[in-house]
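As structure tokens, the structure follows; a few thoughts come after it.
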Amino acid sequence: MKKIILFLAILFVVYLIGINTVPSYIESQRNPVKSPAPYSVSAEAQALYERLDFISDLHCDALLWGRNLNERGDRGHVDFPRMREANVALEMFTIVSKSPAGQNMQSNSEDAFDNITPLTIAKGESPWNWFSLINRTLGQSEALAQFVEKEEGKAIFIRSKADLEELLDARKSDKSTIGAMLGIEGGHALEGSMENLDKVYAAGVRMIGPTHFFDNEFGGSAHGENGAGLSDFGKAAVKRMNELGIFIDLAHASPAIVEDVLNLTSEPVIVSHTGVRAVLDSQRNLSDDQIQKIAANGGIIGIAFFDMAVGEPELPNIIASIKHVRDLVGVEYVALGSDYDGSVAVPFDITGLPLIVEGLMEAGFSEEEIRAVMGENVKRFFLQNLN
Ligand SMILES: [Zn+2]
1 MKKIILFLAI
11 LFVVYLIGIN
21 TVPSYIESQR
31 NPVKSPAPYS
41 VSAEAQALYE
51 RLDFISDLHC
61 DALLWGRNLN
71 ERGDRGHVDF
81 PRMREANVAL
91 EMFTIVSKSP
101 AGQNMQSNSE
111 DAFDNITPLT
121 IAKGESPWNW
131 FSLINRTLGQ
141 SEALAQFVEK
151 EEGKAIFIRS
161 KADLEELLDA
171 RKSDKSTIGA
181 MLGIEGGHAL
191 EGSMENLDKV
201 YAAGVRMIGP
211 THFFDNEFGG
221 SAHGENGAGL
231 SDFGKAAVKR
241 MNELGIFIDL
251 AHASPAIVED
261 VLNLTSEPVI
271 VSHTGVRAVL
281 DSQRNLSDDQ
291 IQKIAANGGI
301 IGIAFFDMAV
311 GEPELPNIIA
321 SIKHVRDLVG
331 VEYVALGSDY
341 DGSVAVPFDI
351 TGLPLIVEGL
361 MEAGFSEEEI
371 RAVMGENVKR
381 FFLQNLN
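Using the working numbering, you'd call the opening residue of the sequence shown number 1 and step up by one each time.
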């Protein structure tokens, strides 16, 4: 009996040590930056950057790692203090609830070992979240709500057009007020239940990508096994998302799902973090035909900063991808969709966004176009389409 108690006590101590060290170690390995802050740009680019009054980013997985977003971190890419340093007005925080071991671009099985399970346990989350995708999702939603709450009015959880208007109003006198939106990567988080769709809406989720790295109840992933379009559940969920006012994110969707969603949806879509095939011919990237259809739908395309989206994660490839969308369909359809903190190596953290402005200037973008890409397009999109 004593031995059992001793064994459990040792196990508990190991667990406590693990909570404090394992997630931070994993994150520092998984989310590097190619060059560390501070970043410097030309005086002209910096001046233009400082004239921007609405900078936004459509995709960031910072909630996954258990880091305190109220404090400036020394690892990863985004937290509230760094958003303020970069004068970023709005970030879309996205929830990853399951990630297959050996995750790769080509083909992943729904049945592979899930890497988020040990991470969830190591983060010290409630045992209710250890093996439940919906509970993990609601846990990360609650975490964002609490981070916002702790800011005592200096951060706003954007769930509606009225919330966004409140943010815009607050920023007229105080640029330190920031906005946070909430999204989900992969409809498997709903565990095949329409009731869970209503639950995540109530928790503040306003964007869902039907699939992530593997096929699920919605249909096929761009990196799955079956290449399927929307299932009956997926179609019903898309209709319900339209009714509720949850945007559909086509990042990671199979080409068949992209097609099905665009035929079915009554609302404009988001592609929160992507690249374009014209720059990198990868199976997660958009073809010109898809870009044209998304523009015709009134959608918005966030260009990501990492290798699977743009090739070598360097500034010129990010700029080339943004430029391609502008040249093909117009500047009003393109935005930033970094994938910060998404288990990716990026050239710079969020405080390096002035480098994007410098790159766009060098590529011949006008100030008006740069404003559009850096955030005005996202602001307009949400003002028009949030309920
Ligand atoms: Zn992703």
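Cβ atoms here follow ideal geometry from the backbone N, Cα and C, with glycine treated the same way. None of these values were measured; they are calculated from a predicted model.
>> Please state the DSSP three-state secondary structure of PRO38.
In response: Numbered from 1 along the sequence shown, position 38 holds the residue referred to as residue 38. Coil, per DSSP.
> Beta carbon of GLY204, beta carbon of PHE157: below 8 Å?
Replying inline: For the purposes of this step, residue 204 is identified with residue 204 of the sequence shown, where counting begins at 1. For the purposes of this step, residue 157 is identified with residue 157 of the sequence shown, where counting begins at 1. Contact flag set, yes.
> Thinking C-beta only, is LEU52 closer than 8 Å to ARG371?
Replying inline: Taking the sequence shown and counting its residues from 1, one reaches residue 371 at position 371. Taking the sequence shown and counting its residues from 1, one reaches residue 52 at position 52. Against a cut-off of 8 Å, the Cβ pair of LEU52 and ARG371 comes out as a contact.
>> Tell me which residues pass a beta-carbon proximity test against ligand 1: closer than 6 Å to any heavy atom, given in chain order.
In response: GLU185, ALA251, HIS252, HIS273, ASP339 and GLY342
> Do the CB positions of ILE248 and GLY220 come within less than 8 Å of each other?
Replying inline: Here residue 248 refers to the residue found at position 248 when the sequence shown is read from its first residue. Here residue 220 refers to the residue found at position 220 when the sequence shown is read from its first residue. Taking 8 Å as the Cβ cut-off, ILE248 and GLY220 do not qualify as a contacting pair.
> Under a CB-based cut-off of 8 Å, is ALA101 close to chain D?
Replying inline: In the structure shown, chain D cannot be found, because there is only a single protein chain.
> According to the neighbour-count rule (16 or more other Cβ atoms, all chains shown, within 10 Å of its Cβ), is GLY187 buried or exposed?
Replying inline: Here residue 187 refers to the residue found at position 187 when the sequence shown is read from its first residue. When all chains shown are included, GLY187 counts as buried.
>> I need the DSSP call for ASN285, collapsed to helix, strand or coil.
In response: Reading the sequence shown from its first residue, position 285 is the one you call residue 285. Three-state result, ASN285: coil.
> Any chance the segment 236-256 sits against the segment 265-273, with 3 or more Cβ pairs inside 8 Å?
Replying inline: yes
> Where does ARG51 sit, in a helix, a strand or coil, going by DSSP?
Replying inline: The count along the sequence shown starts at 1 and reaches residue 51 at position 51. The answer is helix: DSSP assigns ARG51 an H, G or I state.
>> As a quick exercise: from MET308, ASN68 and ASN196, pick the residue whose alpha carbon is nearest that of ASP79.
In response: Within the sequence shown, the letter at position 79 stands for residue 79. When each option's Cα is compared against that of ASP79, the closest is ASN68.
> How would you write the range of the beta strand (DSSP E) that GLU91 sits in, first residue to last?
Replying inline: Along the sequence shown, read from residue 1 onward, the residue named residue 91 stands at position 91. 90-96 is the span of the beta strand (DSSP E), which, as asked, contains GLU91.
>> So, does the segment 29-43 touch the segment 130-146, judging by three or more C-beta pairs under 8 Å?
In response: no
>> Assuming contact is defined by CB atoms lying nearer than 8 Å, are ILE300 and ALA335 in contact in what I supplied?
In response: As a first step, residue 300 is located in the sequence shown; it is residue number 300 there, counting from the start. As a first step, residue 335 is located in the sequence shown; it is residue number 335 there, counting from the start. Yes, these two residues count as a Cβ contact at 8 Å.
> Is SER343 near ligand 3, with its Cβ less than 7 Å from a heavy atom?
Replying inline: Ligand 3 is absent from the structure shown, which contains only ligand 1.
> For the alpha helix (DSSP H) that VAL261 lies in, which residues bound it at each end?
Replying inline: In the sequence shown, residue 261 corresponds to position 261, counting from 1. Element bounds for VAL261: 255-264.
>> I believe VAL346 touches MET374 by the beta-carbon criterion, under 8 Å. Please report the beta-carbon distance rounded to the nearest angstrom.
In response: Here residue 346 refers to the residue found at position 346 when the sequence shown is read from its first residue. Here residue 374 refers to the residue found at position 374 when the sequence shown is read from its first residue. Their Cβ separation, rounded to whole angstroms, is 17 Å, which puts VAL346 and MET374 out of contact at 8 Å.
> Roughly how many whole angstroms lie between the Cα atoms of VAL88 and GLU44?
Replying inline: The sequence position of residue 88 within the sequence shown is 88, counting from 1. The sequence position of residue 44 within the sequence shown is 44, counting from 1. Near 19 Å, if we compare the C-alpha coordinates of GLU44 and VAL88.
> If we call anything under 8 Å between Cβ atoms a contact, is LEU328 one with ASP288?
Replying inline: Against the sequence shown, residue 328 aligns to sequence position 328. Against the sequence shown, residue 288 aligns to sequence position 288. Yes. Within cutoff.
>> Out of SER56, ILE10, LYS172 and GLU195, which one is the CA nearest neighbour of ASN377?
In response: Counting from 1 along the sequence shown, the entry for residue 377 is found at position 377. Checking every option, the nearest Cα to that of ASN377 belongs to SER56.
>> Classify LYS175: buried if its beta carbon has 16 or more other beta carbons within 10 angstroms, exposed otherwise.
In response: Within the sequence shown, numbered from 1, the residue matching residue 175 stands at position 175. Exposed, since its Cβ has fewer than 16 Cβ neighbours within 10 Å.
> Which two residues bound the contiguous beta strand (DSSP E) that contains MET390?
Replying inline: The chain is shown from 1 up to 387; residue 390 falls before or after that span and cannot be answered.
> In whole angstroms, what is the alpha-carbon distance linking ALA145 and MET194?
Replying inline: Position 145 of the sequence shown, counting from 1, holds the residue named residue 145. Position 194 of the sequence shown, counting from 1, holds the residue named residue 194. Near 23 Å, if we compare the C-alpha coordinates of MET194 and ALA145.
>> Looking only at its chain, what residues have a beta carbon closer than 6 Å to the beta carbon of GLN283, apart from the 5 residues adjacent to it on each side?
In response: Stepping through the sequence shown from its first residue, residue 283 is reached at position 283. For GLN283, where only same-chain residues beyond five positions count, the Cβ hits under 6 Å are ALA222.
> When DSSP builds the beta bridges, which residues end up paired with ALA335?
Replying inline: Position 335 of the sequence shown, counted from the first residue, corresponds to residue 335. Answer by DSSP bridge pairing, in chain order: GLY302.
> Do LEU119 and ILE26 have their CB atoms nearer than 8 Å?
Replying inline: Here residue 119 is taken as the residue at index 119 of the sequence shown, counted from 1. Here residue 26 is taken as the residue at index 26 of the sequence shown, counted from 1. Against a cut-off of 8 Å, the Cβ pair of ILE26 and LEU119 comes out as a contact.
> If you run the structure through DSSP and keep just helix, strand and coil, what is ARG159?
Replying inline: Start at 1 with the first residue of the sequence shown, and residue 159 comes out as number 159. Note: ARG159 maps to coil in three-state DSSP.
> In the DSSP assignment, what are the bridge partners of MET207?
Replying inline: For the purposes of this step, residue 207 is identified with residue 207 of the sequence shown, where counting begins at 1. In the DSSP output, where bridge partners are listed per residue, MET207 has GLY183 and PHE247.
>> By DSSP's criteria, THR274 is part of a beta bridge. Which residues make up the other side?
In response: On the sequence shown, position 274 is the one that residue 274 refers to. The partner list for THR274 (beta bridge, DSSP) reads ILE303.
>> Give me the DSSP bridge partner(s) of SER56.
In response: The residue you call residue 56 lines up with position 56 of the sequence shown. DSSP lists LEU90 as partners of SER56.
> DSSP state of SER343, grouped into three classes?
Replying inline: Numbered from 1 along the sequence shown, position 343 holds the residue referred to as residue 343. In this structure, SER343 counts as coil in the three-state DSSP scheme.
> Roughly how far, in whole angstroms, is the beta-carbon of ILE134 from the beta-carbon of LEU190, given that I think they are within contact range, below 8 Å?
Replying inline: As a working note, residue 134 is residue 134 in the sequence shown. As a working note, residue 190 is residue 190 in the sequence shown. Contact holds; Cβ gap of about 7 Å.
> Residues in its own chain within less than 7 Å of ASN216 by CB, not counting five upstream and five downstream?
Replying inline: Your numbering for residue 216 matches position 216 in the sequence shown. So the qualifying residues of the chain are GLU110, GLY186, GLY187 and HIS188.
> The alpha helix (DSSP H) with ASN135 in it runs from where to where?
Replying inline: Along the sequence shown, one-based indexing puts residue 135 at 135. That run of the alpha helix (DSSP H) goes 133-150.
> Of all the options LEU244, ILE318 and LEU262, which has the alpha carbon lying nearest to the alpha carbon of VAL276?
Replying inline: On the sequence shown, residue 276 is found 276 positions in, with the first residue counted as 1. When only C-alpha atoms are compared, the closest one is ILE318.
>> In whole angstroms, give me the CA-to-CA distance for THR177 and LYS379.
In response: For the purposes of this step, residue 177 is identified with residue 177 of the sequence shown, where counting begins at 1. For the purposes of this step, residue 379 is identified with residue 379 of the sequence shown, where counting begins at 1. Going from the Cα of THR177 to the Cα of LYS379 covers about 15 Å.
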